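Trainee: Okay, handing you the structure first.
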Amino acid sequence: MPEIAEVARAVHYIRKSLVGKTLAVVKAQDDANVFGKVGTSAAEFQKALTGKKVEGAGQQGKYFWMIMSSPPHPVFHFGMTGWFHIRGQDSYYYRSKNEDEEEVWPPRFSKFSLQTAGEPKVEAAFTDSRRFSRIRLVNCIAEAIRDTSPLKENGPDPVLDKDILTAEWLEQKLNKKQVPIKALLLDQANISGIGNWVGSVTLTFTSIRLFDYELSKMPLLFHSCDEILYNARLHPEQYSNTFTSEEIKRLHTSMMYICQTAVDLLADSSKFPDNWMFKHRWGKGKKDGPAALPNGEKITFLTVGGRTSCVVPSVQKKTGAVAGDMKKRSTSSDSGDVKDVPVNKQSLRKRKAAVATKSEETDEDITERKKVKARSRKPIQVKEEILDDDAGDISIKAGKLTKEKTSKSTESKATEDIAAIRPTRRSSRQTKPVVPL
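Residue numbers (our numbering): 4 to 440.
In structure tokens, the structure reads:
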């Protein structure tokens, strides 16, 4: 999933190519997921942008938007495989199989395309092969975009909100929760923009088949969360409220450094520092790939809840309680074979079915799921009232046993009739009443 740095790259190219230009042609393809799930349609999007001038662009974490000459303004989320293309420009960083390959336009899996008025014309398109991206319209002034949903439900941006996301703020946030530190950092409600893209997808750049879609060009993405924790020398599964003030300061410094550097470099991984774990982690899954950093420190992978964490145990030591039920895949120092450490199998089996669906969730889906709370249904209870008074004729009315005044001579007959028509435990059918001889 594109994270803070990749989104910053997209915003950079929007500002460079579209800001100050009027959108003469807007073509959108209706998509029940991309548009429909956030209450927008392709027709509404097309109408809202056609003839408008792009006056700016902004970002908060994984969300970004274009500021139009008048509301509404489009707000975007890339989901798993979304991207914003500018025709004729390398708007995202990738390694192409054929550098001389002619660009296909509009690109495959386009959700909308734009063309500016005047000369030179600029063409742009938004693509998404897996349809987890979201495109919505927000009807507010430009200055209030961050104060509307879904942005207002997200935490501060490590690059844009340094005045909010201080070391003191982070310490308070960590101490209020008892969750693995990585889970806290990945929750966009806490901090915006930090992510955990599945590494196996980004290993091959020439030709990838992903869920029946062939992606000949993939952006090179990095795990900002793993990089932050490695740089801070913290274990990803240690509970958030077990870190010392000194460790939290290291985490804050690492977060600011990693996010700012990646954004400044516009997610161009070829320019990332050589001492970043990103440069060496891709040995996972490769037959002859490295299983260690250049200095010899071993790299291991922890799989927790369907998410993979890259860890250097000699650097990221556990200094407090850690989450249980972990499946650890580590490299043996003798043979280099991958071994599985026994865990609570029953717990893992129960979570297996949920993991497949959970791994497909985007931040959008998680935010919506948190908003919806299941309501418990109260069981319907049928009360039976049997009165033990000496006198009274018992009759059945609307599922309730009641009594009426009558003579003692008829009491035994009424009691027999009720016993005969009352349902048994094994069957809801009524038996024939006993008729006295």
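Glycine included, every Cβ here is placed at the ideal spot set by N, Cα and C. Computed from a predicted model, the values in this text were never measured in an experiment.
State the Cα-Cα distance for the pair residue 153 and residue 61, rounded to the nearest angstrom.
Mentor: When rounded, the distance between both Cα atoms is 14 Å.
Trainee: Can you tell me the Cα-Cα spacing of residue 113 and residue 87, whole angstroms?
Mentor: Spanning the two alpha carbons is a distance of roughly 10 Å.
Trainee: Only counting the same chain, and skipping five residues up and downstream in sequence, which positions put a Cβ closer than 7 Å to that of residue 51?
Mentor: For residue 51, where only same-chain residues beyond five positions count, the Cβ hits under 7 Å are 75 and 140.
Trainee: With three or more C-beta pairs closer than 8 Å as the rule, is the segment 242-259 touching the segment 178-188?
Mentor: Touching, per the Cβ criterion.
Trainee: Short check: CB of residue 28 to CB of residue 117, under 9 Å?
Mentor: In this structure, residue 117 lies closer than 9 Å to residue 28 by Cβ.
Trainee: Assuming residue 302 and residue 258 are in contact, meaning their beta carbons sit under 8 Å apart, how far apart are those beta carbons, in whole angstroms?
Mentor: Their Cβ separation, rounded to whole angstroms, is 21 Å, which puts residue 302 and residue 258 out of contact at 8 Å.
Trainee: Quick one: any contact between the segment 155-172 and the segment 187-194, if contact means 3 or more CB pairs under 8 Å?
Mentor: At 8 Å Cβ cutoff, the stretches touch.
Trainee: Rounded to whole angstroms, what's the CA-CA distance from residue 174 to residue 251? Just pull it up for me.
Mentor: Each residue's Cα considered, the two are about 6 Å apart.
Trainee: Does residue 231 come out as helix, strand or coil in the three-state DSSP assignment?
Mentor: Residue 231 falls in the helix class under three-state DSSP.
Trainee: Could you check if residue 137 is buried or exposed, using at least 16 other CB atoms within 10 Å of its CB as the buried criterion?
Mentor: By the neighbour-count rule (16 or more Cβ atoms within 10 Å), residue 137 is buried.
Trainee: Using CA atoms only, rank isn't needed, just tell me which of 233, 18 and 256 is closest to residue 282.
Mentor: Looking at the Cα atoms, 233 is the closest of the given residues.
Trainee: Do you know offhand how far residue 131's Cα is from residue 166's?
Mentor: When rounded, the distance between both Cα atoms is 34 Å.
Trainee: If you follow the alpha helix (DSSP H) that residue 18 is part of, which residue opens it and which one closes it?
Mentor: Element bounds for residue 18: 7-20.
Trainee: Check whether the Cβ atoms of residue 115 and residue 135 sit closer than 9 Å, and answer yes or no.
Mentor: In this structure, residue 135 does not lie closer than 9 Å to residue 115 by Cβ.
Trainee: According to DSSP, is residue 377 part of a helix, a strand, or is it coil?
Mentor: A caution first: residue 377 carries a pLDDT of 44, below 50, which makes its placement in the model unreliable, though a value can still be read off. Here residue 377 sits in coil by DSSP.
Trainee: I think residue 240 touches residue 274, with their Cβ atoms under 8 Å apart; what is that distance to the nearest whole Å?
Mentor: So it is not a contact: roughly 31 Å between Cβ atoms.
Trainee: Residue 48 lies in the beta strand (DSSP E); which residues open and close that run?
Mentor: First-last for residue 48: 45-52, but that is the alpha helix (DSSP H), not the beta strand (DSSP E).
Trainee: Helix, strand or coil, according to DSSP, for residue 300 in the structure here?
Mentor: Looking at residue 300 - three-state DSSP - the assignment turns out to be coil, as it is neither helix nor strand.
Trainee: Can you grab the Cα-Cα spacing for the pair residue 147 / residue 42, in whole Å?
Mentor: Distance between the alpha carbons of residue 147 and residue 42: 19 Å.
Trainee: Between 168, 253 and 67, which has its C-alpha nearest residue 14's C-alpha?
Mentor: For residue 14, the nearest C-alpha among the options comes from 67.
Trainee: Would you please state the rounded distance, in angstroms, between the beta carbons of residue 63 and residue 160? I believe it to be under 8 Å.
Mentor: Indeed, because the Cβ distance is near 5 Å, the residues count as touching under 8 Å.
Trainee: If we count the other Cβ atoms within 10 Å of its Cβ and call it buried at 16 or more, is residue 199 buried or exposed?
Mentor: When all chains shown are included, residue 199 counts as buried.
Trainee: Can you tell me where the alpha helix (DSSP H) with residue 251 in it begins and where it stops?
Mentor: It spans 248-267 - the alpha helix (DSSP H) in which residue 251 sits, taken as one unbroken run.
Trainee: Quick check: the Cα distance between residue 94 and residue 12, rounded to an integer number of angstroms?
Mentor: Those two C-alpha atoms are separated by around 7 Å.
Trainee: Compare the C-beta of residue 41 with all C-beta atoms of chain D and state if any pair is closer than 9 Å.
Mentor: The chain inventory of the structure shown lacks chain D, comprising one protein chain alone.
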